[in-house]
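Numbering (the working numbering), first residue to last: 119 to 623.
A virtual CB, placed ideally from N, CA and C, is assigned to each residue, including glycine.
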Amino acid sequence: MTSVNPATEDARGPSRASQLEPEYDVIVIGAGLGGLLAAAQFLRRGQRVAVIERLAHPGGRFTAKTFQGAQVSTGAVHMLPFGANGELAAMLRALGVPHAIHDSEVFASFHVRGRQIVTRSILQLASVLGPRQFAQFVRLGYDMLLRDPRPDERAQTYRDWLDQRITRERSPELYAYFERVCHFALSVDLDDVLYPEIVESTKNMFRYGAPGIVEGGCAALTGELERRVTSGGGALALETETLAILSEDGVARGVMIRDKRAGAETILRANLVISDIGPTATRRLVAADGANVPAEAADGAPGAWDEPVAPSGRRVASGLKTHLLADYSVIPHRGIMYCLDTDRIAGIVQPSNSDRRLAPPGKHLLITHQLMRSDDVNAEREAARADLRYLFGDDFGARVRILTMSQYRDEWPVNRKPQGSDVSPRTGLAGLYLVGDAVKPSGYLMVEGVAQSVNALLDTLDGWDASDQPPAQPAAPATPPKPSKLRAFYWLLAPPPPHPGSAGK
Ligand SMILES: Cc1cc2nc3c(=O)[nH]c(=O)nc-3n(C[C@H](O)[C@H](O)[C@H](O)COP(=O)(O)OP(=O)(O)OC[C@H]3O[C@@H](n4cnc5c(N)ncnc54)[C@H](O)[C@@H]3O)c2cc1C
119 MTSVNPATED ARGPSRASQL EPEYDVIVIG AGLGGLLAAA QFLRRGQRVA VIERLAHPGG
179 RFTAKTFQGA QVSTGAVHML PFGANGELAA MLRALGVPHA IHDSEVFASF HVRGRQIVTR
239 SILQLASVLG PRQFAQFVRL GYDMLLRDPR PDERAQTYRD WLDQRITRER SPELYAYFER
299 VCHFALSVDL DDVLYPEIVE STKNMFRYGA PGIVEGGCAA LTGELERRVT SGGGALALET
359 ETLAILSEDG VARGVMIRDK RAGAETILRA NLVISDIGPT ATRRLVAADG ANVPAEAADG
419 APGAWDEPVA PSGRRVASGL KTHLLADYSV IPHRGIMYCL DTDRIAGIVQ PSNSDRRLAP
479 PGKHLLITHQ LMRSDDVNAE REAARADLRY LFGDDFGARV RILTMSQYRD EWPVNRKPQG
539 SDVSPRTGLA GLYLVGDAVK PSGYLMVEGV AQSVNALLDT LDGWDASDQP PAQPAAPATP
599 PKPSKLRAFY WLLAPPPPHP GSAGK
């Protein structure tokens with residue numbers, strides 16, 4: 119079958135809910151990155167797969183629309199946290215999905231004391247922090263990366279841990295460094311995440327590699343994945359909403375869907391239902407069938423499958439993102455410019471350095487990201503504009519102008535569970551599993567976590583997760599071993615080299 123996305127619609131015509139078969143091996147709810155990756159994996163295993171997406175396009179928070187000649191994304195800043203060496207890139211290679219990733223050639227740059235300093239390696243951070251704060255940085259880095267968290271540190275939030283060691287007053291740049299990396303990379307505040315999760319995430323950032331921009335942006339990547347799903351025989355029904363997850367005696371049996379254009383409601387049957395819409399919305403769909411929503415995971419594992427919240431009580435990671443068009447290049451590299459001297463903006467990327475087609479000819483695309491600190495949208499936007507006035511002076515509004523400014527929270531957040539508060543792929547119903555950015559295993563950020571959620575699902579189904587008996591099938595686990603810790607040493611001089619399989623389509 120084919121999709122109704124104009125970019126990929128072929129002579130066989132669009133797939134609509136009415137053209138779906140009554141029964142599949144696997145039904146995937148949601149054609150976000152997690153749903154598309156899961157669908158491609160099940161197709162590779164020879165299963166009959168249907169993907170149900172309520173919007174008119176696939177990709178969820180990892181696609182883009184062309185606006186004034188620029189690729190304005192629905193969520194992600196066109197960046198893979200671990201670049202060509204990451205788990206998403208590895209899965210794309212394994213699935214044979216064409217892609218190219220342009221890894222950062224620097225550690226990062228830092229806007230500090232009114233100017234930008236580019237650092238190619240960790241050692242060059244000394245020029246950002248000065249000798250005293252750099253010495254503190256080395257000491258904290260040793261604690262974080264070279265020894266395991268002690269028992270008393272395990273329950274500490276990142277803020278508690280930092281506040282016991284440095285103060286914002288005495289070490290302003292160093293404090294801002296830890297805070298802004300946390301805001302930009304994890305989209306959570308220092309109170310929202312436990313220290314051990316920061317340790318795992320930081321270790322992974324160093325051992326995997328530099329972040330990378332996807333050639334063509336998010337839309338190119340999910341467009342290729344969509345083609346992989348449809349050309350592999352999967353059915354992708356767009357503008358089709360899942361209304362309920364059907365179950366019998368605690369076992370998922372299918373879904374009730376509605377064709378949003380025709381209004382027709384249909385039942386689709388499958389013994390395996392994969393939800394990419396997060397645990398909260400998934401629970402709602404289970405309850406919509408009139409079923410009691412079991413609080414515990416189907417295998418009896420303790421804890422409610424939708425309950426985990428951040429230590430601060432936050433249920434999702436929210437943020438505010440601005441797309442800007444600049445007449446000139448602001449960031450002289452492919453990585454992130456962290457802002458240590460702004461009030462809210464945590465970092466900025468210039469993805470047009472990696473692919474000029476992401477911006478109109480002669481312009482650069484800049485994307486800023488910051489946390490939402492309150493529910494007052496106007497105040498949050500004004501804080502962003504104040505930072506932009508500070509960063510660009512008289513150029514702001516003239517040579518550097520805002521294309522879009524949007525907040526991401528509630529049903530369309532940055533992450534459906536804050537880093538470290540993620541749930542397992544198992545749910546309260548047998549045969550119903552979760553993928554996506556509420557199922558990020560510890561230490562995996564954003565779309566790296568989404569890819570790992572699909573690996574975790576496959577391992578759960580194959581009996582490789584710890585809660586099961588020895589694997590039912592002798593296949594190797596889907597979750598690959600981590601790269602060597604020694605790779606982190608590259609950063610003393612420069613970023614690790616990009617994966618050789620990442621260049622060119
Ligand atoms: C501002 C912002 C910046 C970000 N920056 C980055 C970044 O630079 N790098 C990075 O790696 N990640 C980034 N992320 C995170 C990344 O975008 C997400 O982690 C990822 O796209 C989530 O994919 P998903 O498949 O889990 O969910 P989604 O993309 O949300 O997919 C879920 C899909 O389900 C559909 N759906 C929902 N309900 C139903 C229903 N009832 N029936 C049918 N379909 C339904 C939705 O329409 C959606 O298409 C960012 C996110 C935001 C918001």
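Check                                                                                                                                                       : Outcome
Does the structure place the region 537 to 553 close enough to the region 500 to 512 that three or more beta carbon pairs sit under 8 Å?                    : no
Which whole-angstrom value describes the C-beta separation of V391 and G153, a residue pair presumed to lie in contact below a C-beta threshold of 8 Å?     : No, V391 and G153 are not in contact; Cβ-Cβ is about 12 Å, not under 8 Å.
Given a threshold of 16 other Cβ atoms within 10 Å of its Cβ, counted over all protein chains shown, does T120 qualify as buried or as exposed?             : Here T120 scores only 34 on pLDDT, less than 50, and its place in the model is too uncertain to base an answer on.
Answer with buried or exposed for F200, where buried requires no fewer than 16 other C-beta atoms within 10 angstroms of its C-beta.                        : buried
Count the CB pairs spanning the region 204 to 220 and the region 329 to 348 that are closer than 8 Å, and state whether there are at least three.           : yes
Report the residue from T384, N573, A428, G368 whose alpha carbon sits nearest the alpha carbon of A405.                                                    : G368
DSSP puts M323 in a beta bridge; with which residues?                                                                                                       : According to DSSP, which records beta bridges pairwise, M323 is partnered with nothing at all.
Give the list of continuous alpha helix (DSSP H) stretches no shorter than 4 residues that lie fully inside the region 301 to 351.                          : 313 to 326, 335 to 349
Determine the direct distance from the alpha carbon of V144 to that of G164, and round the result to whole angstroms.                                       : 11 Å
Return the first residue and the last residue of the beta strand (DSSP E) that Q242 is part of.                                                             : Looking at the DSSP string, Q242 is not in any beta strand (DSSP E), and its letter there is neither H nor E.
Whole angstroms is fine: what's the gap from I497's alpha carbon to P140's?                                                                                 : Per the sequence presented here, residue 497 reads as Ala, with Ile not at that position. Approximately 50 Å, taken between the alpha carbons.
Would you be able to state if there are at least three C-beta pairs under 8 Å between the region 391 to 403 and the region 279 to 294?                      : no
Pull up the distance between the alpha-carbon of L106 and that of R376, whole angstroms please.                                                             : A query on residue 106 cannot be resolved here, the shown segment of the chain reaching from 119 to 623 and no further.
Is any heavy atom in ligand 1 found nearer than 8 Å to the beta carbon of Y526?                                                                             : yes
According to DSSP, what are the bridge partners of V169?                                                                                                    : V146, L354
Counting pairs of Cβ atoms below 8 Å between the region 245 to 253 and the region 353 to 372, do you hit three or more?                                     : no
Starting from S393, follow its DSSP beta bridges and name the residues at the other end.                                                                    : I147, L552
Over the uninterrupted alpha helix (DSSP H) stretch that includes M209, give me the two end residues.                                                       : 205 to 213
One question on the structure: do Y276 and L243 come within less than 9 Å of each other, judged by their Cβ atoms?                                          : no
Look at the alpha carbon of H617 and the alpha carbon of S602, and state the distance between them as a whole number of angstroms.                          : 14 Å
Taking C-alpha atoms, which residue in P469, A353, D307, D580 lies nearest to A158?                                                                         : A353
Out of T348, P269, E318, which one is the CA nearest neighbour of L161?                                                                                     : T348
Going by Cα to Cα distance, which pick from S524, A606, V224, L563 is closest to E205?                                                                      : L563
For the 8 Å Cβ check, are there 3 or more pairs between the region 520 to 532 and the region 467 to 480?                                                    : no
Could you check if M374 belongs to the surroundings of ligand 1, using beta carbon to heavy atom distance under 8 Å?                                        : no
Give the straight-line distance between the Cα atoms of R130 and G177, rounded to the nearest whole angstrom.                                               : The predicted model places R130 with a pLDDT of 40, which falls under 50 and marks its position as unreliable, so this point remains unresolved.
Within the region 535 to 582, note down every full beta strand (DSSP E) run reaching 3 residues or more, in order along the chain.                          : 550 to 552
Looking only at C-alpha atoms, which of I385, A444, R507 sits nearest to T358?                                                                              : I385
Using the beta-carbon count (16 or more within 10 Å), is G97 buried or exposed?                                                                             : Residue 97 is absent from the model: the chain starts at 119 and stops at 623.
At a cut-off of 8 Å, is H196 close to ligand 1 when judged by its beta-carbon and the heavy atoms of the ligand?                                            : yes
Which residues share a DSSP beta bridge with Y276?                                                                                                          : BP columns for Y276 are empty, so no partner.
Please confirm whether any heavy atom of ligand 1 lies closer than 8 Å to the CB of I284.                                                                   : no
Considering just the uninterrupted stretch of the beta strand (DSSP E) at Q138, what are its terminal residues?                                             : In the sequence on display, residue 138 carries Leu and not Gln. No beta strand (DSSP E) holds L138; DSSP gives it neither H nor E.
In whole angstroms, what separates the C-alpha of S542 from that of G396?                                                                                   : 11 Å
Using a Cβ-Cβ cut-off of 6 Å (strictly less than) and excluding sequence neighbours within five positions of F607, which residues of its own chain qualify? : none
Consider the C-beta atom of L312 and the heavy atoms of ligand 1; say whether any pair is separated by less than 8 Å.                                       : no
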